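Numbering (the numbering used here), first residue to last: -11 to 418. Even glycine gets a Cβ: it sits at the ideal position worked out from N, Cα and C. This one's a predicted model, so the numbers in the text were calculated from it and none came from an experiment. Taking it in order: structure first as structure tokens, then the write-up.
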């Protein structure tokens, strides 16, 4: 594809043509809509990392035809993830009294006017890792909140930013060596299902081998769960929304981050496989010991939250399901994530439902708007089907009375909402 005319230079239209495993075109339409909106949005900024090691620069695609057309070409030429930028997720870990301003950032980055970037808040221990990460990706584009998000940026844009990224890199607070310990045997669950719970020598041997690793895996998942990155509301959306991979790396690992890494999907698969193997052994081996103890419920809730979020995100791009929404709300209802501002209990998840809510500071107004938009979202699905699971999935009146200011964590908000939604009244028969 070439861009020789002024008309082409000003265009933000994408025509993604060659995606693999997208026979129904859902992924094509999803990315064309999301990326097209971002490229035309004046609030959408990206950090460009030159391939020659030159100084990095913040660009605005909407007014930069050269970079915009390079981005469009990368998206249209893609085979799997039709995107052109990485998104960074990280834990700020600062306070108003201790912003930990990175005064020297202007030595590495120029702003949109070509001037050294103004100081940004960033903890000292993360700076070398971030610079090393960017250096390892020459000729790349990045969305990094402290550099690309102004205080007046519409929160609606956040959903598209994370959903349409090429890959989300999550810099989390954990020991660098922890992440490389998660390994997934993706075919194990297929073998177990095929076995139909009838003892088979190969499956039993594989099950015993993986089961022997389970106590260590259980401890590793628990250790990962203690990271503060997992405890914030906003990082739920950053973990859940990307269609591409969410890659975990330690925020202090500036030397071996390319090997000390894993993906969220691999973590979930690894843990899920171990649980299935244990279930198989319990069903087939009379002397199988019981490995789960102590923090079993917390870890299951933790992994269920991640699994449901990632699964629903893939599902929402194509065929939508009210039962999937119900499962997602149930998982949020078991989440212990917290936030400082009550309105973030909505703004930290609303992108998943593709709901547009303007920036507001009144928690009551935000919740009422969220409920109104969520009703429209679910009603649109109901109208497409005459009967779904024998329920009408209407939200009860008490759901509108939930007070975000009284919530101590996400479960205080979404446990009640999920209960009312799941136990809707039976559908009227036509």
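First and last residue of the alpha helix (DSSP H) that includes residue i?
i: residue 6; result: Here residue 6 belongs to no alpha helix (DSSP H), and DSSP marks it neither H nor E.
i: residue 387; result: 385 to 388
i: residue 55; result: 53 to 65
i: residue 14; result: 14 to 28
i: residue 145; result: 145 to 151
i: residue 227; result: 221 to 228
Which term fits residue i, buried or exposed, when burial requires 16 or more other beta carbons within 10 angstroms of its beta carbon?
i: residue 302; result: exposed
i: residue 251; result: buried
i: residue 60; result: buried
i: residue 44; result: buried
i: residue 328; result: exposed
i: residue 220; result: buried
i: residue 13; result: exposed
i: residue 204; result: exposed
i: residue 1; result: exposed
I need the straight-line Cα distance from residue i to residue j, nearest angstrom please.
i: residue 292; j: residue 349; result: 31 Å
i: residue 39; j: residue 51; result: 22 Å
i: residue 364; j: residue 17; result: 21 Å
i: residue 368; j: residue 322; result: 27 Å
i: residue 375; j: residue 347; result: Note that residue 375 scores a pLDDT of 45, beneath 50, so its modelled location is shaky; the value from the coordinates is reported in the next line. Going by the C-alpha atoms only, they are around 36 Å apart.
i: residue 42; j: residue 398; result: 44 Å
i: residue 147; j: residue 208; result: 30 Å
i: residue 296; j: residue 319; result: 7 Å
i: residue 404; j: residue 383; result: 10 Å
i: residue 198; j: residue 299; result: 24 Å
i: residue 123; j: residue 257; result: 31 Å
i: residue 100; j: residue 116; result: 23 Å
i: residue 145; j: residue 195; result: 45 Å
i: residue 57; j: residue 78; result: 29 Å
i: residue 338; j: residue 15; result: 20 Å
Quick check on this structure: which residue in the options has the alpha carbon closest to the alpha carbon of residue i?
i: residue 74; options: 127, 107, 361; result: 127
i: residue 244; options: 167, 23, 27; result: 167
i: residue 118; options: 356, 55, 132, 360; result: 132
i: residue 315; options: 21, 294, 326, 360; result: 294
i: residue 392; options: 351, 135, 237, 290; result: 351
i: residue 110; options: 170, 97, 62, 80; result: 80
i: residue 234; options: 286, 153, 194; result: 153
i: residue 433; options: 135, 72, 24; result: Absent from the model: residue 433. The displayed extent of the chain is -11 to 418, so no value can be given.
i: residue 91; options: 106, 98, 169; result: 106
i: residue 400; options: 330, 145, 53, 356; result: 330
i: residue 169; options: 144, 121, 249; result: 249
i: residue 362; options: 97, 317, 246, 394; result: 317
i: residue 217; options: 30, 57, 64, 162; result: 162
i: residue 48; options: 9, 27, 354; result: 27
i: residue 309; options: 239, 366, 129; result: 366
What are the boundary residues of the beta strand (DSSP E) that includes residue i?
i: residue 331; result: Note, residue 331: premise wrong, no beta strand (DSSP E); not H, not E.
i: residue 130; result: 128 to 131
i: residue 433; result: Outside the shown range of the chain, which is -11 to 418, sits residue 433, and nothing can be said about it.
i: residue 237; result: 234 to 238
TODO: Evaluate contact between the segment 380 to 389 and the segment 335 to 346, counting only Cβ atoms and requiring at least three cross-stretch pairs below 8 Å.
DONE: Fewer than three Cβ pairs drawn from the segment 380 to 389 and the segment 335 to 346 lie within less than 8 Å of each other, which leaves the two stretches out of contact.
TODO: For the segment 83 to 94 and the segment 52 to 72, state whether three or more C-beta atom pairs, one from each stretch, are separated by less than 8 Å.
DONE: Segments in contact, no.
TODO: Spell out a yes or no on whether the segment 124 to 139 and the segment 211 to 218 are touching, meaning 3 or more CB-CB pairs, one atom from each, closer than 8 Å.
DONE: No, the segment 124 to 139 is not in contact with the segment 211 to 218.
TODO: Give a yes or no on contact between the segment 151 to 161 and the segment 221 to 229, applying the rule of three or more CB pairs nearer than 8 Å.
DONE: Taking 8 Å as the limit for Cβ pairs, the verdict is that the segment 221 to 229 does touch the segment 151 to 161.
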